[in-house]
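Going by our numbering, the letters in the sequence shown line up with residues 14 to 488, in that order.
First up is the structure itself, then whatever we jot down about it.
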Amino acid sequence: MQTVADTVARAREVFDSGTTRPLAWRLEQLGNLRRMLVERRSEFAAALASDLGKHETESQMTEIGFVTAEALHLEKHLEAWLRPRPVSVPLAVLPAKAWTQLTPLGVVLVIGPWNYPLQLVLAPLAGALAAGNTVVLKPSEHAPATSAALARWVPEYLPGAASVVEGGIPETSALLAERFDHIFFTGGEVAAKVVMRAAAEHLTPVTLELGGKSPAYVDATTDLAKAAKRLAWGRFMNAGQTCVAPDYILATEDVLAPLEQELVKAIRALFGPDSARSDSYGRIINDRHFQRLAGLADSSTVVHGGERDAASRHFAPTLLRPAPGDAVMAEEIFGPLLPLVPVSGADEAIRTINAGHKPLALYVFSDDADTRQAFAEQTSSGALCFDVPAAHLTVPGLPFGGVGNSGMGNYHGEYSLKTFSHERSTLSKPLWPETLAVIFPPYTKVKHRIISTLVSPSGKLSKRLGRKTGKKTGQ
């Protein structure tokens, strides 16, 4: 049986062989990844249904199809993104050429979560392969069916390029004891600190995709019925187990009252009068998480929903009116509970948001330009979206990542390529003519004047060059 150390050593051996560097190899791996998702779509969909009760359509939209589109986007642009980028050279170094180029890091470890156990393992994988790395994947043990499917199919479609290590804390600990060139972790804050401490032993850079309480602010200028439909979709997709789901809603009381009724209508429109009978509504990942959510709901005030069944892990979409100090407002919910919190207006909403950790996403439903600008200028979050939750993940040109406690680093599209690459600086200066002689010792008064002219923005030579180009010097 291959050990964790053997798996990492094999990944290192493949990378050191140089086979991963050519563009053709990278494109081949991205194509193989897409082929795996297409040819094994039914197996992956069945695994996601087993782990999370996901409908096949939701799995296609948020997991299988999402990664397929990400890989295709990387394939389409990879050659252009990998081209060397020229950099201007100062007069003192001429004649010379300078450029930067993205180079592979080496062996990458991707540790995935359980809530989107396919997407959040394979989307980073796509970026790491595009960058020319080999990859070790650690799927979540809390989504065992998806983990098993990845362990079965990844080695078949991506031999040598990617490997899978299954298991729980012992296997993860063994992986973190190994030396990697980058660690990409998606999960919670407590585990992220463990990853960072382990990475520090090898001075390994990390990307941390975490979570946080992503707020939504709604005011009277928006269409409450349409806003409610989008908020309900974003909150209760995957039974609320989404890192960018709206975690709570801030609004004035005269908005919250009608919005609450619109949310009830939206929930029924999305999942029917009884979500337990809806095959479009997912299930809670495990009993421990189910009981945690039950405790949060029971310690607050339920105004809609709250029905649950421990045996099937069904937990109905639930609206809450929390009191100050309720536990549901003190931690990331990560489930189908949506607190409705009254504020006096946008100013108090902004103060409330800024009093906590910086969220992974912030959603503002308002047609007022000043309100939008206030949230844009006075808050900090991984993403800011107006009038829609969660959809920013589908825009390949936008980086996805948090700030502060909601994460560090980002990925998707070209940002994935940069995350998993080193942008190396290169300078090429011919040996003839030897223009560097002026800076070589021994130093003379003449050399001092020449060097002072070259390096000073206010020097005579710089001024003459500025007049010739029509540009001001010193800028």
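We treat Cβ as the ideally placed atom computed from N, Cα and C, and that holds for glycine.
This one's a predicted model, so the numbers in the text were calculated from it and none came from an experiment.
With fewer than 16 other CB atoms across the displayed protein chains lying within 10 angstroms of its CB, Asn367 is exposed. Inter-residue distance for Leu87 and Gly44 is about 10 Å (C-alpha atoms, whole angstroms). If you draw a 10 Å sphere on the C-beta of Trp445, you find fewer than 16 other C-beta atoms in it, and that means exposed. Under the DSSP assignment, Ala62 falls in the alpha helix (DSSP H) whose first and last residues are Arg54 to Leu65. Taking 8 Å as the upper bound for CB-CB distance, Ala205 and Leu221 are in contact here, some 5 Å apart.
Leu440 and Thr466 have their C-alpha atoms roughly 23 Å apart. Looking at the DSSP output, Leu350 shares a beta bridge with Thr331. Secondary-structure assignment with DSSP links Thr32 through no beta bridge to anything.
For Trp112, the enclosing beta strand (DSSP E) has its first and last residue at Lys110 to Pro117. Around the beta carbon of Gly348, 16 or more other beta carbons sit within 10 angstroms, so the residue counts as buried. Here the alpha carbons of Arg334 and Thr235 stand approximately 22 Å from one another. Counting along the chain, no alpha helix (DSSP H) covers His155, and no H or E run does either.
Minimum Cα-Cα distance from Val207 among the listed residues Ser357, Leu189 and Thr432 corresponds to Leu189. Boundaries of the alpha helix (DSSP H) around Arg364: Ala359 to Ala368. Counting only runs of at least 3 residues, the stretch 190-218 fully encloses the following beta strand (DSSP E) elements, listed from N- to C-terminal order: 195-199.
Collapsing the DSSP output to three states places Phe303 in a helix. The C-alpha of Lys239 lies about 20 Å from the C-alpha of Gly358. Listed in chain order, the beta strand (DSSP E) elements of length 3 or more contained wholly in the stretch 251-285 are 261-264.
Residue pairing for Ser288: DSSP places it in no beta bridge. Across the structure, Thr448 and Pro117 are spaced so that their CA atoms are roughly 34 Å apart.
Leu40 carries a helical assignment under DSSP once its states are collapsed to helix, strand and coil. DSSP places His425 in no alpha helix (DSSP H); its state is neither H nor E. By the criterion of a C-beta distance shorter than 6 Å, Val167 is surrounded in its chain by Ala175 and Val177, once the five residues flanking it on both sides are discounted. Rounded to the nearest whole angstrom, the CA to CA distance from Arg39 to Arg321 is 47 Å. Spanning the alpha carbons of Ala323 and Arg296 requires a straight line of approximately 10 Å. Taking the C-beta atoms as reference points, Val121 is found no nearer than 7 Å to Arg25.
Annotation: the continuous beta strand (DSSP E) that includes Lys151 extends over Thr147 to Lys151. DSSP places Arg98 in the uninterrupted beta strand (DSSP E) bounded by Arg98 to Val100.
Annotation for Thr75: no residue places its beta carbon closer than 6 Å to its own, counting only its chain and skipping 5 residues before and after. Each residue's CA atom was taken as its position, placing Trp246 and Ser72 some 15 Å apart. Between Ser312 and Thr113, the C-beta spacing is not below 7 Å. As summarised for the stretch 425-451, the continuous alpha helix (DSSP H) elements at least 4 residues long and confined to that stretch are 427-432, given in chain order.
Going by DSSP, Leu85 is part of no beta strand (DSSP E) but of the alpha helix (DSSP H) stretching over Gly78 to Trp94. Taking a 10 Å sphere around the C-beta of Glu427, we find 16 or more other C-beta atoms and assign the residue as buried. Here the alpha carbons of Glu275 and Arg47 stand approximately 40 Å from one another.
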